[in-house]
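Undergrad: Got a structure for you, questions after.
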Amino acid sequence: SGVITIDPGFKNTGSTKSAITFLDGEKGILRYRGYPIEQLADKSTFLEVAYLLIYGELPQKSEFETFKSQVTNHTLVHEDIKKLLDGFPSTAHPMGVLSSLVTSLTAFYPQSLDPNRSWEEVNLSIIRILAKMPTFAAWSYKNQMGHPVVYPDNKLDYCGNFLKMMFGLPTEEYEVDPVVSRALDKLLILHADHEQNCSASTVRIVGSSQASLYASISAGINALWGPLHGGANTAVIEMLEGIKADGGDTKKWMAKAKDKNDPFRLMGFGHRVYKNFDPRARIIKKAADDVLEKLGVNDPVLDIAKGLEQEALEDQYFVDRKLYPNVDFYSGIIYRALGIPAEMFTVMFALGRLPGWIAQWKEMRENKEPIGRPRQVYVGENERDYVDLAKR
Ligand code: CMC
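Counting with UniProt numbering, you get residues 37 to 428 for the letters of the sequence shown.
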């Protein structure tokens, strides 16, 4: 039926209409529900941004209080989830642990599998996953460290609670550093949504089969894992460390990135949509300077990163291909200053992206979008007869 056009990587194919995030790659504009990312990063909080993305408007005071208390009340996870966690070796990558624990919610809340649930029940799934994700994220780290888990502390706010579960010990008091907590909140805001990227499209396509919210989000986490997507933040720090160990020779690494016979790419550079600059990278670069100064951290890889950026901005190869630093170029440097290890960077990205995934899933369901099912152009063998194994 009709001619099928193939568009590998969907470079020019829209998959949906959406009212969540506006992005203009030529002008470097990013807005959530109409609000510029610069204003949200400066003035809002992550939980408020989550509300905005999911429900479409900034909350009234009382709406926000209700939302916050709902999220706070659901932070605890079923005790049996600890058994699942215990089953993972400490070598387990935290992203794999995170996606598994999110999938396991389908077992603890089987009613979430019913596609005909009421809106109230769907909303409860939304609250649950928002509330439990920091617990899962922190526990995936505790598993890697071989340390006992720390239970959520509902006296703390979203980021403070996460930091305590991440860095606290069950036997000790933990005091949240407001500089660390605010920096984390800002990073989560910057990652909260980015329209139809690889993981958001995954969430929508999985959800389009009427799979549960938990199953769809878990698929999104796995899509985010790869180094070309959310895994880039870990890859950036590894690259910067590699350059440092190599005597800081940025020119040599630039040459490697430009060499078409070398698979190496300058990690944290380039974007499918941003062709002028990534507005998130601008905010993050400034935040990196602020946070490192406030915490009194002197990280030599920050200088390497700045040098590399400067060289790339002046290099014909990068200029011709419109390759600029993306959100992940400086985020790892901040995470590291906050004490978060490189293996956890992509988990942090997932924590930030969660409201976006939820909003994308909810919009897809509310719009009653059809099941995602791309077509293909077949280029394989023509019909041929089966040959017995003995005669082949
Ligand atoms: N270093 C060197 N060359 C690059 C890079 C890079 N980082 N990125 C793209 N190129 C070149 C690429 O080789 C190609 O060159 P040519 O036209 O000569 O073949 C040209 O630029 C276009 O690249 P593309 O791969 O066709 O572009 P894309 O839109 O398919 O890929 C990208 C976008 C982000 C996957 C890619 O730029 C990349 O691999 N960047 C490094 C990984 C990274 O930082 N990812 C994080 C993206 S932002 C956060 C997120 O989405 O999670």
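A virtual CB, placed ideally from N, CA and C, is assigned to each residue, including glycine. Since the structure is predicted, the reported quantities are computational estimates derived from the model, not experimental observations.
With respect to the beta strand (DSSP E) encompassing residue 60, which residues constitute its N-terminal and C-terminal limits?
TA: As a first step, residue 60 is located in the sequence shown; it is residue number 24 there, counting from the start. 57-60 is the extent of the beta strand (DSSP E) around residue 60.
Undergrad: Any residues whose CB sits closer than 6 Å to a heavy atom of the ligand CMC? List them in chain order?
TA: 45, 233, 264, 265, 266, 268, 293, 301, 302, 303, 304, 305, 306, 307, 308, 357, 359, 362, 363, 364
Undergrad: Taking 6 Å as the limit between beta carbons, can you name the residues of its chain near residue 168, skipping five residues before and five after?
TA: Reading the sequence shown from its first residue, position 132 is the one you call residue 168. Cβ within range, chain order: 113.
Undergrad: Which residues share a DSSP beta bridge with residue 422?
TA: Taking the first residue of the sequence shown as 1, we reach residue 422 at position 386. Paired residue(s): none; residue 422 is not in a bridge.
Undergrad: Which class does residue 365 belong to by DSSP, given the choice of helix, strand or coil?
TA: Position 329 of the sequence shown, counting from 1, holds the residue named residue 365. Residue state, collapsed to three classes: helix.
Undergrad: Taking a contact to mean a Cβ-Cβ separation below 7 Å, would you say residue 286 touches residue 344 in this structure?
TA: Translated into positions along the sequence shown, residue 286 becomes position 250. Translated into positions along the sequence shown, residue 344 becomes position 308. Contact flag set, yes.
Undergrad: Consult DSSP for residue 203 and reduce its assignment to one of helix, strand or coil.
TA: Along the sequence shown, one-based indexing puts residue 203 at 167. Looking at residue 203 - three-state DSSP - the assignment turns out to be helix.
Undergrad: Given residue 65, which residues of its chain have a CB within under 6 Å of its CB, disregarding the five upstream and five downstream residues?
TA: Numbered from its first residue, the sequence shown carries residue 65 at position 29. Same-chain partners within the cutoff: there are none.
Undergrad: Does the separation of the CB atoms of residue 364 and residue 219 fall below 7 Å?
TA: Along the sequence shown, one-based indexing puts residue 364 at 328. Along the sequence shown, one-based indexing puts residue 219 at 183. Their beta carbons are not under 7 Å apart, which means residue 364 does not touch residue 219 by this criterion.
Undergrad: Would you identify the three-state DSSP class for residue 65, choosing helix, strand or coil?
TA: Your numbering for residue 65 matches position 29 in the sequence shown. Looking at residue 65 - three-state DSSP - the assignment turns out to be strand.
Undergrad: Any beta carbon from chain D within less than 7 Å of residue 287's own beta carbon?
TA: As a matter of chain content, chain D is missing from the structure shown, which is built from one protein chain.
Undergrad: With residue 251 and residue 235 assumed to form a contact (beta carbons below 8 Å), what rounded beta-carbon distance in angstroms separates them?
TA: As a working note, residue 251 is residue 215 in the sequence shown. As a working note, residue 235 is residue 199 in the sequence shown. That pair is no contact at about 14 Å.
Undergrad: List the whole-angstrom C-beta distance separating residue 137 from residue 117, where the pair is believed to meet the contact cut-off of C-beta under 8 Å.
TA: In the sequence shown, counting from the first residue as 1, residue 137 sits at position 101. In the sequence shown, counting from the first residue as 1, residue 117 sits at position 81. That belief holds up - the Cβ atoms of residue 137 and residue 117 are roughly 6 Å apart, short of 8 Å.
Undergrad: Counting only the same chain and skipping the five closest in sequence on each side, list residues whose C-beta sits under 6 Å from that of residue 85.
TA: Start at 1 with the first residue of the sequence shown, and residue 85 comes out as number 49. Taken in chain order, the residues that qualify are 76, 225, 228.
Undergrad: Is there contact here, the region 324-336 with the region 388-403, by at least three beta-carbon pairs under 8 Å?
TA: no
Undergrad: Between 150, 284, 201, 419, which has its C-alpha nearest residue 171's C-alpha?
TA: Locating residue 171 in the sequence shown gives position 135, where the first residue counts as 1. For the set 150, 284, 201, 419, the Cα lying nearest the Cα of residue 171 is the one of 201.
Undergrad: Please state whether DSSP places residue 72 in a helix, a strand or coil.
TA: Position 36 of the sequence shown, counted from the first residue, corresponds to residue 72. Correct three-state label for residue 72: strand.
Undergrad: Starting from the Cα of residue 74, find the closest Cα among 370, 163, 320 and give me that residue.
TA: Stepping through the sequence shown from its first residue, residue 74 is reached at position 38. Checked all of 370, 163, 320; the closest Cα to residue 74 is 320.
Undergrad: Find the nearest neighbour of residue 179 within the set 190, 192, 203, 193, judged by alpha-carbon distance.
TA: For the purposes of this step, residue 179 is identified with residue 143 of the sequence shown, where counting begins at 1. It is 203.
Undergrad: State the Cα-Cα distance for the pair residue 308 and residue 53, rounded to the nearest angstrom.
TA: In the sequence shown, counting from the first residue as 1, residue 308 sits at position 272. In the sequence shown, counting from the first residue as 1, residue 53 sits at position 17. Distance between the alpha carbons of residue 308 and residue 53 is about 19 Å.
Undergrad: Can you tell me whether residue 46 is helix, strand or coil according to DSSP?
TA: Residue mapping note: residue 46 aligns to position 10 of the sequence shown, counting from 1. Note: residue 46 maps to helix in three-state DSSP.
Undergrad: Using DSSP with H/G/I as helix, E/B as strand and the rest coil, what is residue 354?
TA: Locating residue 354 in the sequence shown gives position 318, counting from the first residue. In the structure shown, residue 354 sits in a helix (DSSP, three-state: H, G or I).
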